[in-house]
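Q: Attaching a single structure in structure tokens format; questions to follow.
2 protein chains.
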Amino acid sequence: MADDTRDTTAPGHGNGRGLPATSWAVLGLLSFGEELSGYDLKKWSDRSLRFFYWSPSFSQIYGELKRLEKAGYATSRMVAQETGTRDKRVYRITDAGLAAVRDWARETRVDAPVLKHGPMLRLWLGHLLEPEQIHEVLRQHGEFAESMRLRAADDAQHVEQMADATADDPDEGGGGVPGEGGAAGAYPALTLRWAERYYASERDLALAMLSDIERLGTEPGGGAGRLP
Amino acid sequence: MADDTRDTTAPGHGNGRGLPATSWAVLGLLSFGEELSGYDLKKWSDRSLRFFYWSPSFSQIYGELKRLEKAGYATSRMVAQETGTRDKRVYRITDAGLAAVRDWARETRVDAPVLKHGPMLRLWLGHLLEPEQIHEVLRQHGEFAESMRLRAADDAQHVEQMADATADDPDEGGGGVPGEGGAAGAYPALTLRWAERYYASERDLALAMLSDIERLGTEPGGGAGRLP
DNA sequence: ACTAACATGTAAAGCGTTACATGATTTA
DNA sequence: TAAATCATGTAACGCTTTACATGTTAGT
């Protein structure tokens, strides 16, 4: 079992094959065609990527944008704002950038999902906890999952409305900018619906575990091991 | 929206409040009472943590063990092996270490689950893909989920058997070492059952998304936006 | 007067991985 | 004799976050 050697496409170092997934995610955000500022990107990332691929911090987004620009995948320009707030820099994807994300999306091996489930890590150490604390971890997690579900459902609805609106719009296909709101495509909507179900399942799984624990606690023989 | 200020318990830097979650996970592995080598830890981590909290690499585990020893949370000794393979260093949790994990598990805020879902990131950019590629990503992900489900179910069964065996054993409570195989408690079994259901759900969600896509592709109006 | 939102960035530090080095034993 | 498994570690690198710095405008 040698330190998990996968992939060795480039012999050199760290990440020879190009950019990290986060860069592609940011470039993906731009691939819907709109001109966006780092701030916009962060907000929009919080309502999309966040549900299935965490949301990078502001500083990382700004950093990624610089990297993308240097790579020729995006261009930026300053825009002075009528309303007076500080000038902002907006980014737009280039043809090379669009070709690059498309290539990435089509050719690159899909990374396996990575899950770092804090609540389960805690529960796995249940032998160190009081029964009420176990209960509390699951209750809180169920609540979290439900709130995420609601948010995903909400965002999905918005995106679907906008997608329907722009779908009836004859201005399509020619690289035109879609309607206001950005990334209102069928696939963003689909992934948000997926997220809605995912978090519904998380909520149900928390409840199921809760009843597993109750069953073990009350059963005469105690199924697997004893509970405190 | 200031760079997401959560938690500010310690003003200083990075991680004032103590160790990263990975350290606690490794110490948690030791908290079941057995004396384990870094190599053992990695293997056992691959059959437990892996399903809900990724598995650290060998090098990280060796690093964490050193850190835990320096912190006084674990002790190590070299053992010469009869069979002749290279001597190995085995680690055991200390009383201070057990107190520390317990404190961590009881007092520290539970981190929200972090999900980096490669397949969904790809599908979110479905407008850059061919329909067959979309299909392929979902098919592969469904297969991956099913194989994880089987592995989790398998491990759960083993752990439950061992837990039942040691539960009938009157040697309990006094810090005694549980039976061979390690971490054969009710909670590891419970989290593995959770994982089994989690991956079953992942598999089903992939199928559900597949039929969503088919429905959109064939429906007259096209629900939300158009598909390629 | 204060707070929140808008807006962009730098610096420092920690987390985690990959590649590499080393070497014994077992199995094909 | 080649490969896999056991077994431990170092070095380099890149990713990501946190804290900090700075300044404007809008709302309460």
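Protein sequences appear in the order of chains A and B.
With our numbering applied, the first sequence corresponds to residues 15 to 242, in that order.
With our numbering applied, the second sequence corresponds to residues 15 to 242, in that order.
Backbone N, C-alpha and C fix where the C-beta goes; we use that ideal spot for every residue, glycine too.
Using only CA atoms, which one of A:E146, A:A88, A:L63 lies nearest to R128 (chain B)?
A: To locate residue 128 (chain B), count along the second sequence from 1; it is residue 114. Reading off the sequence, residue 128 (chain B) comes out as Val, not Arg. Answer by Cα proximity: A:L63.
Q: By the DSSP assignment, the beta strand (DSSP E) with R116 (chain B) in it spans what residues?
A: Translated into positions along the second sequence, residue 116 (chain B) becomes position 102. That residue, R116 (chain B), is in no beta strand (DSSP E); its alpha helix (DSSP H) goes 109 to 121.
Q: At the level of alpha carbons, what is the spacing between H141 (chain A) and I227 (chain A)?
A: Stepping through the first sequence from its first residue, residue 141 (chain A) is reached at position 127. Stepping through the first sequence from its first residue, residue 227 (chain A) is reached at position 213. Whole-angstrom Cα-Cα distance: 13 angstroms.
Q: Taking Cβ-Cβ distances below 7 angstroms as the criterion, which residues of the stretch 94 to 113 of chain A are in contact with chain B?
A: Answer in chain order: no residues at all.
Q: Work out the CA separation of D101 (chain A) and F46 (chain B) for me, nearest whole Å.
A: The count along the second sequence starts at 1 and reaches residue 46 (chain B) at position 32. The count along the first sequence starts at 1 and reaches residue 101 (chain A) at position 87. Going by the C-alpha atoms only, they are around 57 angstroms apart.
Q: Can you list, in chain order, the residues of its chain with a C-beta nearer than 6 angstroms to that of A214 (chain B)? Leave out the 5 residues immediately preceding and following it.
A: Position 200 of the second sequence, counting from 1, holds the residue named residue 214 (chain B). Contacts found: R163.
Q: Buried or exposed, going by whether 16 or more other CB atoms sit within 10 Å of the CB of P34 (chain B)?
A: Taking the first residue of the second sequence as 1, we reach residue 34 (chain B) at position 20. Looking at its Cβ environment, which holds fewer than 16 other Cβ atoms inside 10 Å, P34 (chain B) is exposed.
Q: Could you list the residues in the stretch 203 to 214 of chain B with a C-beta less than 7 angstroms from some C-beta on chain A, going in chain order?
A: Correct list: A203, L204, T205, R207, W208, R211, Y212.
Q: K130 (chain A) touches chain B at which residues, Cβ-Cβ below 9 angstroms?
A: As a position in the first sequence, residue 130 (chain A) is number 116, starting the count at 1. Residues of chain B passing the Cβ test: A35, F66, Y67, W68, D125, P127, V128, L129, K130.
Q: Which class does S90 (chain B) belong to by DSSP, given the choice of helix, strand or coil?
A: What you label residue 90 (chain B) is simply residue 76 of the second sequence in a count that begins at 1. If DSSP states are grouped into helix, strand and coil, S90 (chain B) belongs with the strands.
Q: Assign K3 (chain B) to buried or exposed, taking buried as 16 or more other Cβ atoms, counted over all protein chains shown, within 10 Å of its Cβ.
A: This structure leaves residue 3 (chain B) out entirely; chain B is present only between 15 and 242.
Q: Do L221 (chain B) and D169 (chain B) have their C-beta atoms closer together than 8 angstroms?
A: Counting from 1 along the second sequence, the entry for residue 221 (chain B) is found at position 207. Counting from 1 along the second sequence, the entry for residue 169 (chain B) is found at position 155. Not in contact: L221 (chain B) and D169 (chain B) (Cβ atoms no closer than 8 angstroms).
Q: Using a beta-carbon distance cut-off of less than 9 angstroms, what residues from the stretch 36 to 57 of chain A approach chain B?
A: Those would be W38, A39, G42, S45, F46, Y53, K56, K57, in chain order.
Q: With respect to the alpha helix (DSSP H) encompassing L250 (chain B), which residues constitute its N-terminal and C-terminal limits?
A: Beyond the ends of chain B as shown, which are 15 and 242, falls residue 250 (chain B); an answer cannot be given.
Q: Alpha carbon to alpha carbon, what distance is there between G132 (chain A) and G231 (chain A)?
A: As a position in the first sequence, residue 231 (chain A) is number 217, starting the count at 1. As a position in the first sequence, residue 132 (chain A) is number 118, starting the count at 1. Going from the Cα of G231 (chain A) to the Cα of G132 (chain A) covers about 23 angstroms.
Q: Compare the C-alpha of E146 (chain B) against each of B:L224, B:A88, B:V115, B:Y67 and name the closest.
A: Working through the second sequence from its first residue, we reach residue 146 (chain B) at position 132. Nearest C-alpha to E146 (chain B): B:L224.
Q: Along the stretch 219 to 233 of chain A, what residues have a CB closer than 8 angstroms to any CB found in chain B?
A: Under the 8 angstroms Cβ criterion, the stretch 219 to 233 of chain A contributes L219, A222, M223, D226, I227, L230.
Q: Buried or exposed: V151 (chain A), going by 16 or more other Cβ atoms within 10 Å of its Cβ?
A: As a first step, residue 151 (chain A) must be located in the first sequence, where it is residue number 137. Under this definition V151 (chain A) is a buried residue.
Q: In this structure, how does DSSP classify V128 (chain B) when only helix, strand and coil are distinguished?
A: For this step, residue 128 (chain B) is matched to residue 114 along the second sequence. Looking at V128 (chain B) - three-state DSSP - the assignment turns out to be strand.
Q: Report the residues of the stretch 130 to 164 of chain A with a CB closer than 8 angstroms to any CB of chain B, ordered along the chain.
A: Answer in chain order: K130, H131, G132, P133, M134, L135, R136, L137, W138, L139, G140, H141, L142, L143, E144, Q147, V151, Q154, H155, F158.
Q: Please report how far the alpha carbon of Q175 (chain A) lies from the alpha carbon of P202 (chain A), in whole angstroms.
A: Position 161 of the first sequence, counting from 1, holds the residue named residue 175 (chain A). Position 188 of the first sequence, counting from 1, holds the residue named residue 202 (chain A). Rounded to whole angstroms, Q175 (chain A) to P202 (chain A) spans 12 angstroms at the Cα level.
Q: Measuring straight from C-alpha to C-alpha, what distance separates L55 (chain B) and W208 (chain A)?
A: As a first step, residue 55 (chain B) must be located in the second sequence, where it is residue number 41. As a first step, residue 208 (chain A) must be located in the first sequence, where it is residue number 194. Each residue's Cα considered, the two are about 35 angstroms apart.
Q: Does chain B have any CB closer than 8 angstroms to the CB of R116 (chain A)?
A: Here residue 116 (chain A) corresponds to residue number 102 of the first sequence, with the count starting at 1. True, the Cβ-Cβ gap to chain B drops below 8 angstroms.
Q: What are the partner residues of R64 (chain A), as DSSP defines its beta bridges?
A: Here residue 64 (chain A) is taken as the residue at index 50 of the first sequence, counted from 1. Bridge partners of R64 (chain A): none, in fact.
Q: Apply the 10 Å Cβ neighbour rule to A92 (chain A) and answer buried if 16 or more other Cβ atoms are within range, or exposed otherwise.
A: In the first sequence, the residue the question calls residue 92 (chain A) occupies position 78. Correcting the residue type first, residue 92 (chain A) is Met in the shown sequence and not Ala. M92 (chain A) should be labelled exposed.
Q: Using a C-beta cutoff of 8 angstroms, does G199 (chain B) count as contacting chain A?
A: Residue mapping note: residue 199 (chain B) aligns to position 185 of the second sequence, counting from 1. Yes, its Cβ sits closer than 8 angstroms to a Cβ of chain A.
Q: So which of B:A110, B:T89, B:L112 has the shortest CA-CA distance to R103 (chain B)?
A: To locate residue 103 (chain B), count along the second sequence from 1; it is residue 89. Out of B:A110, B:T89, B:L112, B:T89 has the C-alpha closest to the C-alpha of R103 (chain B).
Q: Tell me which residue opens and which closes the alpha helix (DSSP H) that R229 (chain B) is part of.
A: Within the second sequence, numbered from 1, the residue matching residue 229 (chain B) stands at position 215. Counting along the chain, the alpha helix (DSSP H) containing R229 (chain B) begins and ends at 200 to 232.
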